[in-house]
Every structure is written in C-alpha cells, then in structure tokens.
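Student:
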Amino acid sequence: MNVATPEIRSIPIDEITILNPRVRNRKIFSELVTSIAHLGLKRPITVSAKPDDQGYNLVCGQGRLEAFIALGQSEIPAIVIQASVEDCFVMSLVENLARRQHSSLELVREIAVLRDQGYSITEIALKTDFSDEYIYAVCYLLEHGEEKLLAGVEKGIIPPTIAMQIARAKDTEVQKALAEAYEQKVIPGNQVLAIRRIVDQRNASGKSVGVGFYNDQSPRKPVTATQLVRAYQRETERQKVLIKKATLAQSRLLFLVNALRRLMEDDHFTTLLRAEAITSMPRPLAERLGYGDVV
Numbered sequence: 001m002n003v004a005t006p007e008i009r010s011i012p013i014d015e016i017t018i019l020n021p022r023v024r025n026r027k028i029f030s031e032l033v034t035s036i037a038h039l040g041l042k043r044p045i046t047v048s049a050k051p052d053d054q055g056y057n058l059v060c061g062q063g064r065l066e067a068f069i070a071l072g073q074s075e076i077p078a079i080v081i082q083a084s085v086e087d088c089f090v091m092s093l094v095e096n097l098a099r100r101q102h103s104s105l106e107l108v109r110e111i112a113v114l115r116d117q118g119y120s121i122t123e124i125a126l127k128t129d130f131s132d133e134y135i136y137a138v139c140y141l142l143e144h145g146e147e148k149l150l151a152g153v154e155k156g157i158i159p160p161t162i163a164m165q166i167a168r169a170k171d172t173e174v175q176k177a178l179a180e181a182y183e184q185k186v187i188p189g190n191q192v193l194a195i196r197r198i199v200d201q202r203n204a205s206g207k208s209v210g211v212g213f214y215n216d217q218s219p220r221k222p223v224t225a226t227q228l229v230r231a232y233q234r235e236t237e238r239q240k241v242l243i244k245k246a247t248l249a250q251s252r253l254l255f256l257v258n259a260l261r262r263l264m265e266d267d268h269f270t271t272l273l274r275a276e277a278i279t280s281m282p283r284p285l286a287e288r289l290g291y292g293d294v295v
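In UniProt numbering, the protein residues as written are 1 to 295.
1. Which whole-angstrom value describes the C-beta separation of G55 and E15, a residue pair presumed to lie in contact below a C-beta threshold of 8 Å?
2. Output the distance between the C-alpha atoms of G63 and Q117, rounded to the nearest integer angstrom.
3. What separation, rounded to the nearest whole angstrom, lies between the Cα atoms of R261 and A286?
4. Helix, strand or coil: how does DSSP classify E58 here?
5. Could you tell me the alpha carbon to alpha carbon distance between A67 and A49, rounded to whole angstroms?
6. Look at the Cβ atom of N20, then the Cβ atom of S84, and state whether they are nearer than 8 Å.
7. Can you check which of these residues, T172, R109, E75, is closest to V23 by C-alpha distance?
8. Please state the DSSP three-state secondary structure of A151.
9. Starting from V80, follow its DSSP beta bridges and name the residues at the other end.
10. Would you give the residue range spanned by the alpha helix (DSSP H) that I13 belongs to?
11. Contact between the region 139-151 and the region 159-166 is defined here as three or more beta-carbon pairs at a separation below 8 Å; is this criterion met?
12. How many Å lie between G40 and V138 at the Cα?
13. How many angstroms separate the CA atom of L58 from the CA atom of P159?
14. Smallest Cα separation from R43: which of T17, I18, R9?
15. Considering only the alpha carbon of each residue, which of A181, Q233, I121 lies closest to L142?
16. Nearest-angstrom Cα distance between residue 304 and L71?
17. Which residues in the same chain as P12 place their Cβ atom closer than 8 Å to its Cβ, once the five residues preceding and following it in sequence are excluded?
18. Can you tell me which of the three DSSP states E75 falls into?
19. Are the beta-carbon atoms of G61 and I45 separated by less than 8 Å?
20. If F255 and L263 are in contact, beta carbons under 8 Å, what's the gap, nearest whole angstrom?
21. Go to I121, then tell me how far its alpha helix (DSSP H) extends in each direction, as first and last residue.
22. Can you have a look at V241 and say buried or exposed, based on whether 16 or more other CB atoms are within 10 angstroms of its CB?
23. Buried or exposed for A259, please, with buried defined as at least 16 other CB atoms from any protein chain shown within 10 angstroms of its CB.
24. In this structure, does DSSP put M281 in helix, strand or coil?
Structure, rendered in structure tokens:
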C-alpha cells in the first residue's frame with residue numbers, strides 16, 4: 001500500500017488562526033527562536049485549510065509559528081490537511097499533551113477542555129495516551145470542585161489518583177489531614193485508600209478517629225495526620241489479631257474433623273453409636289467426613 005507523502009507548502013503567517021493559544025515558557029521559547037535562527041525549521045507546522053479559502057487553522061506548532069513571527073518572517077513551511085474545527089482543536093490538545101515535558105497544570109487544563117467538549121473518560125484516555133484511571137481522577141476532582149487538591153496535583157505534590165481518594169473522604173478535616181500526611185511523607189500513597197476507608201467506617205459507626213466517642217455535646221477535635229496514621233495502625237493490628245484467631249479456629253476444626261474421622265473408622269465406636277441409637281449427624285459435618293449421604 002502506498003502512503004502519500006504530505007505536501008509541505010509555504011503559507012502566509014497572517015492567514016493562520018491559533019485555535020487553542022497557550023502561554024509559552026519564555027526561556028524555552030527564547031531557545032527555540034535561537035535554534036530556528038541558527039539551524040532553520042526542523043519540522044513544519046500543521047494547519048487545516050478553512051472553508052472557502054479564508055485562511056488556515058493551526059493544528060500544531062504554535063511555538064514554531066511564534067518563533068517565525070519573532071524573527072520577522074512573513075511565511076512559514078506547513079503541512080496542510082483537511083479537518084473540521086473540532087478535529088483541529090482536539091489534535092492541538094493531543095499534540096500538546098504528547099510533548100515529553102509538560103506541567104501538571106497544563107495536563108489538568110487540557111483534560112478539562114476535552115471533558116467540556118463532551119468527550120468520555122475512555123475517549124480522552126485514548127486521545128491523550130493516559131490511563132482511564134488517571135483521566136477519571138482528574139475529571140473527578142474538576143467536577144467536585146476540589147480546588148485545593150487540584151492545586152496539589154498541578155504543583156506535582158499529590159498524584160491525581162491519590163487526590164481522588166482523599167477527595168472521597170466524607171470529612172473535610174480528614175481530607176486536609178490526608179493531604180498533609182501525604183505531602184509530608186507521613187503515609188505512602190498505597191495507604192491513603194486504606195486509611196480513608198477506616199475513617200469512613202469509624203465515622204459511620206459514630207466513632208471518631210481519636211480515642212473514645214463523640215456526640216453533639218462533646219465537640220470533636222480537629223483530625224490530624226498523626227491520628228490518621230494511628231487509626232490505620234490500630235486497624236492493621238486488629239486485622240492481624242482476627243487473622244490469628246481465624247487460623248487457630250481453622251487448626252482446631254481440622255484437628256477435630258480428623259479425630260472424628262478416625263473414630264468413625266473404628267468398628268467398636270460405630271457399634272457404640274448404634275447401641276445409643278445415634279444414627280445421624282449434621283450434614284456439614286458429614287460432608288467434611290466424606291459421608292454426604294448420612295444426615
């Protein structure tokens with residue numbers, strides 16, 4: 001199959017419309033201008049022709065275009081494609097997200113724009129090459145107005161998935177304490193979900209994160225990161241005790257079943273049972289002993 005080589009044309013800069021303008025980093029932009037001035041344009045921009053030959057919409061290459069303007073050029077090499085305004089807009093966003101270096105703030109803003117355009121979580125994930133989980137977390141924070149957590153995501157302090165787990169906590173104090181605990185590296189990210197569940201369970205049962213109970217007459221103390229960690233540690237210890245008890249009960253049950261199985265294989269014991277008119281046993285026990293028909 002033959003693949004057509006895209007045609008590169010030199011088009012007037014003043015006929016190009018930037019659909020999704022972005023603020024450039026001055027240092028990086030200055031380096032780009034210097035590079036183009038010394039080495040020339042390494043890669044042409046991509047544009048889409050407007051209907052009725054009314055100019056072009058920029059698809060990707062805003063930095064290169066602005067560098068040419070800064071250098072006083074009136075034309076720029078471009079690949080001309082046919083695409084709707086909506087497709088140009090999306091391709092521009094995707095090209096921006098696909099750059100190797102981008103800030104969390106840019107990612108959040110671009111994902112928000114795609115979401116506002118009506119794209120689903122899966123569609124945004126496919127277009128941006130991010131996981132569904134990542135996109136869902138960012139959209140969740142945006143839709144629930146979690147500005148402080150989004151600020152943490154934008155600064156790279158809290159990953160989006162961790163921020164979403166914190167946002168799902170029912171108490172604003174818990175949200176704040178979880179965020180502080182994560183930022184201060186008091187708790188790792190994989191424990192945030194566990195701690196949030198523990199706190200929610202304890203709150204649902206009327207028990208505070210701290211020691212003791214609370215009610216309307218006794219005001220609650222602010223939740224702290226230390227309290228959350230202690231609650232997590234207490235729950236971990238409680239689960240360890242439950243596991244030990246379950247293991248012990250299983251061992252004892254196994255011993256009893258094996259002992260009873262041996263007794264059932266003894267003719268004198270079964271004769272004694274018949275003499276006492278004991279001819280049946282509970283179905284669960286019979287099934288464990290392999291006597292499914294004996295009830």
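By construction, the Cβ of each residue, glycine as well, lies at the ideal position given by its N, Cα and C atoms.
The structure displayed is predicted, hence computed values, not measured ones.
Tutor: Taking the structure as given:
1. Position 55 of the sequence shown, counted from the first residue, corresponds to residue 55. Position 15 of the sequence shown, counted from the first residue, corresponds to residue 15. Correct: roughly 4 Å between the Cβ atoms.
2. Taking the first residue of the sequence shown as position 1, residue 63 is located at position 63. Taking the first residue of the sequence shown as position 1, residue 117 is located at position 117. The straight-line gap from Cα to Cα measures roughly 24 Å.
3. The residue labelled residue 261 in the question sits at position 261 within the sequence shown. The residue labelled residue 286 in the question sits at position 286 within the sequence shown. If I take the Cα positions, the gap works out to 10 Å.
4. In the sequence shown, residue 58 corresponds to position 58, counting from 1. The sequence shown places Leu at residue 58, rather than the Glu named in the question. DSSP places L58 in strand when its eight states are reduced to three.
5. In the sequence shown, residue 67 corresponds to position 67, counting from 1. In the sequence shown, residue 49 corresponds to position 49, counting from 1. Between A67 and A49, the alpha-carbon positions lie close to 21 Å from each other.
6. Here the question's residue 20 lines up with position 20 in the sequence shown. Here the question's residue 84 lines up with position 84 in the sequence shown. It is not a contact, given that the beta carbons lie outside the stated cut-off.
7. Residue 23 sits at position 23 when you count from the first residue of the sequence shown. Of the candidates T172, R109, E75, the one whose C-alpha sits nearest the C-alpha of V23 is R109.
8. One-based indexing of the sequence shown puts residue 151 at position 151. A151 falls in the helix class under three-state DSSP.
9. The residue labelled residue 80 in the question sits at position 80 within the sequence shown. Partner(s): V47.
10. Counting from one through the sequence shown, the residue named residue 13 turns up at place 13. Neither: I13 is in no alpha helix (DSSP H) and is coded neither H nor E.
11. yes
12. Working through the sequence shown from its first residue, we reach residue 40 at position 40. Working through the sequence shown from its first residue, we reach residue 138 at position 138. In a straight line, the C-alpha of G40 is about 39 Å away from that of V138.
13. As a working mapping, residue 58 is identified with position 58 in the sequence shown. As a working mapping, residue 159 is identified with position 159 in the sequence shown. When rounded, the distance between both Cα atoms is 32 Å.
14. Within the sequence shown, numbered from 1, the residue matching residue 43 stands at position 43. Taking only the C-alpha atoms, the option nearest R43 is R9.
15. The sequence position of residue 142 within the sequence shown is 142, counting from 1. Comparing Cα positions, the closest option is I121.
16. The first residue shown for the chain is 1 and the last is 295, placing residue 304 beyond what the model contains.
17. Position 12 of the sequence shown, counted from the first residue, corresponds to residue 12. Counting only Cβ-Cβ distances below 8 Å, and skipping sequence neighbours, we find S74, E75.
18. Taking the first residue of the sequence shown as 1, we reach residue 75 at position 75. E75: strand per DSSP, three-state reduction.
19. Locating residue 61 in the sequence shown gives position 61, where the first residue counts as 1. Locating residue 45 in the sequence shown gives position 45, where the first residue counts as 1. Going by C-beta atoms, G61 is nearer than 8 Å to I45.
20. Position 255 of the sequence shown, counting from 1, holds the residue named residue 255. Position 263 of the sequence shown, counting from 1, holds the residue named residue 263. With a Cβ gap of about 13 Å, F255 and L263 do not count as contacting.
21. For the purposes of this step, residue 121 is taken as residue 121 along the sequence shown, with counting starting at 1. Segment 121-128, the alpha helix (DSSP H) holding I121.
22. Counting from 1 along the sequence shown, the entry for residue 241 is found at position 241. By the neighbour-count rule (16 or more Cβ atoms within 10 Å), V241 is not buried but exposed.
23. Residue 259 sits at position 259 when you count from the first residue of the sequence shown. It is exposed - the Cβ of A259 has fewer than 16 other Cβ atoms within 10 Å.
24. Your numbering for residue 281 matches position 281 in the sequence shown. Annotated three-state conformation of M281 is coil, per DSSP.
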